[in-house]
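Numbering (the working numbering), first residue to last: 888 to 963.
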């Protein structure tokens, strides 16, 4: 017997795959930010690359939150 996913099931599966990818990206970006933080002198402000990474991390969190809103069952 062949089983086909409904559109809702397919959308949910795709959302879960996207979340996994976004979470991997979050981990990588966070590690890069931490690396920059360790390298800069105490009390100094973030450099341009660190600021860009922080902006990207904020965007990723926004994407994750929108997926959670659309697919509440994907929340941990």
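All residues carry an ideal CB built from backbone N, CA and C; glycine is no exception.
{"Query": "Alpha-carbon spacing of residue 898 relative to residue 946, whole angstroms", "Result": "21 Å"}
{"Query": "Residue 958 (DSSP reduced to helix, strand or coil)", "Result": "coil"}
{"Query": "Proximity to residue 924 [Cα-Cα], best of 912, 950, 937 and 915", "Result": "937"}
{"Query": "Alpha carbon of residue 943 to alpha carbon of residue 916, nearest angstrom", "Result": "8 Å"}
{"Query": "Contact set for residue 941: own chain, Cβ-Cβ below 8 Å, skip 5 residues either direction", "Result": "920 and 933"}
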